[in-house]
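Please read the structure below before turning to the comments.
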Amino acid sequence: MEALIEWARGPAFIFSLTFMVLGLARHLLLTLWESARVIRRAGDRDIPYKQVFQATAKWLFPLDKLRHEVVFSVTSVVFHAAILVVPVLLAGHIKLLAATLGFSWPALPGVAADALTIVAVVTAIAIVIQRGTARATRQLSRIQDYLLPLIVALPFASGFLVMHPTWSPVSFELMLFVHVMSANLVLVLMPLTKLSHAVMLPSVQLVSELGWRWPVDSGSAVGVALGKESDPV
Amino acid sequence: MSTAPRTYSYYVEDRTRETTDRPAKFLEAFAAVLEHSSYALPLDIFSRLSTKCSRCAVTCQLYEVTGEERDIPCKRSELLLAVYRRYFTYGGNLRARLGGSFELTDEYIDLMGENYYRCTACRRCKASCPVGIDHGLITHLARYLLSEVDVIPKALVVSTREQLEGIGNTSAIPPNALVSTCEFLEEEFEDDYNVQIKLPVDVEGAEFVFFPAVSDYLLEPDTLMGNAAVMAVTGGSWTIGTGNYDGINYGLFYSDRMMERIIKKEVAEVRRLKGEKVLIGECGHATRSAWFGPTFCGSDAPPAINFLQYTHAQLMKGNIPLLDKKIEERVTYHDPCNLARSGRITEEPREILKAICADFVEMTPNRTENYCCGGGGGLVSIDEIRSFRTTLMGKRKADQIRATGAQIVVSPCANCKKQLAEVCEDNDLGDVQIVGLHDLLLKVIDFGPYRAKLAAEQECPLSNLGSTEEPD
């Protein structure tokens with residue numbers, strides 16, 4: 074078991090982390106590259122950057138968006154806050170990383186970390202339940218939309234049981250293995266699924282604006298490409 | 109061979125049923141459009157990030173009323189994103205090789221043809237999408253691609269053909285009829301207001317070349333007279349060109365290729381008359397499409413402004429004298445999506461209305477969050493879907509108007525006005541009057557100072573030599 078845990082924490086983790094970083098970096102660089110190309114080719118480069126920036130900022134900190142769909146919105150925002158804060162500010166993680174990185178940062182008190190971990194798990198389950206019970210979300214949802222919040226919750230639930238082994242139904246070692254491997258799974262899924270919004274979100278308002286910025290003569294260029302330039306209307 | 113019945117809620121031309129091999133042609137057009145425009149970037153990001161959270165559903169005025177799955181903006185966009193993913197991404201290609209089941213068929217094209225015309229492309233849902241997906245952009249693109257396989261509502265294509273290959277405008281008004289209409293309106297000014305006001309035609313070197321929705325010449329004399337009155341009292345330099353006097357651009361609703369041709373026709377008329385700027389009348393989509401001038405023609409395209417912007421600036425400078433009386437009825441304002449959604453024109457009309465109305469009330473929500481009239485995206489021109497437009501798409505708008513208790517709804521848009529009138533008729537709001545903004549303004553302009561100026565010029569004609577308002 075110990076060898077398995079070492080493998081999960083060592084090569085498997087390094088692979089997952091590298092996969093995530095490279096995958097997300099690829100998305101990000103391609104988006105930046107393509108955005109620059111669109112702007113370069115655009116007939117109208119007068120882009121309302123201020124408005125784009127404001128919209129982006131509003132959705133990164135969506136406090137004034139909570140008034141619509143209150144329950145769903147609040148659940149979602151709390152879920153996001155919890156899963157962002159806990160892994161980064163957990164004392165155990167900081168200690169592990171400090172050994173490799175050579176520096177550390179302040180950790181959350183144990184009680185707060187426990188509470189936020191429970192919040193992350195509960196809100197993840199609540200999101201899935203709401204998805205299944207609200208008409209519009211049910212009509213929209215794919216299988217992955219139900220599975221992803223649960224997969225993301227897995228390292229949190231298992232992490233909590235690692236910290237509190239007396240409540241764990243299985244051995245500490247097995248739970249630790251589940252914890253590390255489920256976290257690895259989330260990392261691998263990041264660039265492959267909609268979870269990539271964790272990194273790509275700040276680009277979308279700009280991308281939505283750039284979609285309307287076509288090159289000069291773009292309509293007639295399509296006509297020529299299709300051999301329809303002299304077709305009647 | 110196709111088995112799809114190719115029937116839609118709207119009328120189509122025969123060629124819609126005659127086109128063969130549509131899936132291949134659709135994909136060929138898709139590839140060409142991706143190469144020559146800028147849709148690839150948003151498609152790539154949208155198809156990756158769409159989280160299916162349904163916030164768009166609860167802000168869509170159609171879904172709020174129908175509750176139908178196909179009316180969720182995100183679901184509708186997914187129709188096109190699925191095609192993009194399958195045929196234009198590595199992952200989609202790979203999945204297809206491994207036996208993925210999705211394939212673009214004739215039936216699927218018809219499904220898109222129906223669903224993308226159940227959206228007014230009002231873009232209200234964009235503001236409620238946490239990710240920032242512009243479903244209006246997807247509707248716009250999907251219709252463009254559908255048009256390349258001849259799926260286009262007959263009403264839109266017939267008007268566009270008349271504009272580009274027929275008489276030259278969507279209402280088929282010949283130039284001599286336009287000139288007589290202008291003369292008729294000048295007589296109306298003398299009869300009703302006892303004032304001489306010209307609607308200048310083909311004046312070279314004017315600052316503004318005027319393009320209203322051409323239907324205004326048939327249906328909205330008061331709006332046009334309001335426009336002309338503002339120009340007269342402010343001494344504005346403007347002209348109507350007999351080469352092109354139609355601001356309508358249905359290309360915005362179904363084809364970037366047509367949109368470009370119509371915009372270029374507008375720009376050509378401004379250049380022919382050696383004018384400086386495009387001046388769009390009271391029409392939302394005409395304004396938004398004119399703003400695409402630099403997109404299609406480059407940065408030296410003449411700038412486009414909406415008449416509201418001109419009137420507002422002049423009113424604020426104190427150049428439009430007003431009578432002591434105000435409009436007494438309760439007035440509310442409907443924001444045309446194409447002016448207000450992006451926040452470009454929201455305050456100007458309100459400041460004008462507050463200056464001339466005794467009882468101005470807002471409908472809620474308003475400005476960038478306003479509900480579409482229900483006839484946007486060209487739907488208003490499709491008469492055969494009236495009950496869909498007024499009872500499903502326009503239901504929220506009717507509720508909004510009713511809640512204000514207003515007797516007059518002002519909307520500076522030819523499309524919105526036609527749709528709102530029908531919404532009111534079909535929703536038991538028959539007493540509500542739908543008018544343009546300049547129609548109201550016309551009622552309270554004080555022509556006294558203008559008459560005095562004209563009289564002084566007639567006594568001393570030399571002072572008139574510098575005017576650009578006389579035709580060559």
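Those protein sequence lines, which keep their order, are chains A and B. So for the first sequence, the numbering used here puts the first residue at 74; every next one is plus one. So for the second sequence, the numbering used here puts the first residue at 109; every next one is plus one. Just so you know, even glycine gets a beta-carbon here, dropped at the ideal spot from N, CA and C.
Taking each of ASP290/A, ALA298/A and ALA271/A in turn and checking the Cα distance to ALA98/A, the smallest one comes out for ALA271/A. Identification of residues in the region 145-162 of chain B having a C-beta nearer than 9 Å to some C-beta of chain A yields SER145, SER146, TYR147, ALA148, LEU149, PRO150, LEU151, ASP152, ILE153, PHE154, ARG156, LEU157, SER158, THR159, LYS160, CYS161 and SER162, given in sequence order.
The residue among ASP491/B, MET367/B, ARG184/B and PRO520/B with its C-alpha nearest the C-alpha of CYS405/B is MET367/B. In the DSSP assignment, GLN541/B falls within the beta strand (DSSP E) that extends over 541-543.
For LYS385/B, no CB of chain A lies under 7 Å from its own CB, so it is not counted at the interface with that chain.
In this structure, the straight-line span from the alpha carbon of LEU416/B to that of MET220/B is close to 36 Å. One Cα belongs to TYR225/B, the other to ASN257/A, and the distance between them is close to 44 Å.
Contact of ALA197/A with chain B by beta-carbon distance below 9 Å is absent, the smallest such distance being about 14 Å.
Ranking ALA298/A, ARG286/A and GLY96/A by CA distance to the CA of ALA109/A puts ARG286/A first. Between HIS270/A and chain B, the shortest Cβ-Cβ separation is below 7 Å. Our two residues, VAL295/A and THR266/A, have alpha carbons roughly 32 Å apart in a direct line. Contact check for ALA140/B against ALA298/A passes: the beta carbons are separated by less than 7 Å. Setting aside the 5 residues that flank it on each side, ARG204/A is surrounded in the same chain by THR210 and SER214, each with a C-beta closer than 6 Å to its C-beta; the list follows chain order. SER155/B is positioned such that its CB atom lies closer than 7 Å to that of LEU189/B.
In terms of Cβ geometry, GLY244/B and ARG231/B form a close pair [threshold 7 Å]. When beta bridges are read from the DSSP output, PHE468/B appears opposite VAL439/B.
Judged by pairs of C-beta atoms under 8 Å, the region 327-335 of chain B does not touch the region 355-371 of chain B, as fewer than three such pairs exist. Sorting PRO283/B, THR472/B, GLU143/B and THR213/B by C-alpha distance to the C-alpha of THR512/B places THR472/B at the top. The region 265-315 of chain B contains, as complete alpha helix (DSSP H) runs of 4+ residues, the segments 283-296 (chain order). Taking 7 Å as the cut-off, the Cβ atoms of VAL439/B and CYS465/B count as close. ALA226/A has a beta carbon lying at 7 Å or more from every beta carbon in chain B. At a cut-off of 7 Å between beta carbons, VAL239/B contacts chain A.
The DSSP-derived three-state label of LEU431/B is coil. Burial is judged here by how many other beta carbons sit within 10 angstroms of a residue's own beta carbon; PRO264/A has at least 16 and is buried. Taking the C-beta atoms as reference points, ARG114/B is found no nearer than 7 Å to ARG123/B. Judged by DSSP secondary structure, ILE112/A falls outside any beta strand (DSSP E) and instead within the alpha helix (DSSP H) spanning 86-114.
Across the region 207-221 of chain A, CB contacts with chain B closer than 8 Å involve ALA207, ARG208, ALA209, THR210, GLN212, LEU213, SER214, ARG215 and ASP218, in sequence order along the chain. Taking the beta carbon of VAL166/B as reference, the chain A residues within 8 Å of it are HIS141, GLU142 and ALA209, listed in sequence order.
From the beta-carbon of MET367/B, the residues of chain A found nearer than 7 Å are GLY292. Going by beta carbons, GLY426/B and ARG380/B fall outside the 7 Å limit. Residue environment: GLY313/B is assigned as exposed (fewer than 16 neighbouring CB atoms within 10 Å of its CB, all protein chains considered).
Assigned with DSSP and collapsed to three states, TRP346/B falls in strand.
At a beta-carbon threshold of 7 Å, the residues of chain B lying near ASP117/A are PRO402 and THR403, ordered along the chain.
Counting along the chain, the unbroken beta strand (DSSP E) around ASN414/B starts and ends at 412-414. The criterion of a C-beta distance shorter than 7 Å is satisfied by ALA229/B and GLY485/B.
In the DSSP assignment, LEU387/B falls within the beta strand (DSSP E) that extends over 385-388.
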